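One structure is given below, encoded as structure tokens.
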Amino acid sequence: LAKTTQPISMDSYEGQEVNITCSHNNIATNDYITWYQQFPSQGPRFIIQGYKTKVTNEVASLFIPADRKSSTLSLPRVSLSDTAVYYCLPETGKLIFGQGTTLQVKP
Amino acid sequence: DGGITQSPKYLFRKEGQNVTLSCEQNLNHDAMYWYRQDPGQGLRLIYYSQIVNDFQKGDIAEGYSVSREKKESFPLTVTSAQKNPTAFYLCASSPPRVAGLAKNIQYFGAGTRLSVL
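Protein chains in written order, with our numbering: chain S, 73 to 179; chain B, 112 to 228.
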């Protein structure tokens, strides 16, 4: 199973761009990389998924280098409501949610 | 209104009691999952089911049991053997894999918070 490493926590201010990088050194050839967001006392929700290069949707962008050993979630111009835990998951037969990255957005 | 419904939202267990958490989905998903989340921690997989009448243990199955008699339902029983059941329990489901489409995205319910009296 691909093991992931993310920063435990990050701080930012409203209006800034936030980049959260996840390393997944032994990702499998066919694995996609999925990011989820979780607010307190709620279930995680899907944000974005990609396989390589760059993917963008209305919420975020996902950058994946050619070796696919890491991925970076980019949140443009964060607001207070983006304060949450963000999980990076390479696709495996059994999803493993680690501790994630707790993003704190300050006014 | 499609989605995953977990009930109850809050549940209290007495010493030695078994309690059952409900999870229902109307998304027509084949796979369903149960996770446990302790404060400040990530999610840990308890059980999962890829198809009706079949399920597998996750990382922390001891003290829990499940059934999958219907596609839309995957109840979790917290037995008296689970000595530390206080946690936030999350149920999820995912659609079957289809070539060329997004892979293995899980959709979560709102959770059940279980406490011990």
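We treat Cβ as the ideally placed atom computed from N, Cα and C, and that holds for glycine.
Keep in mind it's a predicted model, so treat the numbers as computed, not measured.
Give a yes or no on whether the C-beta atoms belonging to residue i and residue j are separated by under 8 Å.
i	j	result
B:Cys202	B:Gly220	yes
B:Ile216	S:Thr93	no
B:Thr116	B:Pro186	no
B:Arg124	B:Leu228	yes
B:Tyr146	B:Arg224	no
S:Ile168	S:Leu175	no
Cα separation between residue i and residue j?
i	j	result
S:Gln121	B:Asp165	28 Å
S:Thr128	S:Asp154	17 Å
S:Glu86	B:Ile171	39 Å
B:Gln161	B:Ala142	4 Å
S:Asn97	S:Ser143	10 Å
S:Ser146	B:Glu126	46 Å
B:Asp149	B:Phe199	6 Å
S:Tyr159	B:Arg208	21 Å
B:Ser226	B:Asn195	9 Å
S:Asn109	B:Asn129	The residue you asked about is not Asn; residue 109 of chain S is Gln in the sequence shown. S:Gln109 and B:Asn129: Cα-Cα distance of roughly 32 Å.
B:Glu180	B:Val163	6 Å
B:Gly222	B:Gly114	13 Å
S:Ile99	S:Ile80	21 Å
Could you tell me whether any non-hydrogen atom of the ligand MG is closer than 7 Å to the CB of residue i?
i	result
S:Arg140	Summarising the ligand content, the structure contains no ligands, and the ligand MG is consequently not present.
Just to check my reading of the structure: residue i and residue j have Cβ atoms closer than 8 Å, yes? What is that Cβ distance to the nearest angstrom?
i	j	result
B:Gly151	B:Tyr159	Contact doesn't hold; Cβ gap of about 24 Å is too wide.
S:Gly170	B:Gly153	5 Å
Residues of the region 132 to 149 of chain S in Cβ contact with chain B at a cutoff of 7 Å, in chain order, please. none
Between the region 113 to 131 of chain B and chain S, which residues of the former have a C-beta closer than 7 Å to a C-beta of the latter? none
To test your reading of the DSSP string, which unbroken beta strand (DSSP E) runs of 3 or more residues are found completely within the region 146 to 170 of chain S? Here the runs fully enclosed are 156 to 162.
Segments of 4+ residues assigned as alpha helix (DSSP H) that fall wholly inside the region 164 to 222 of chain B: none
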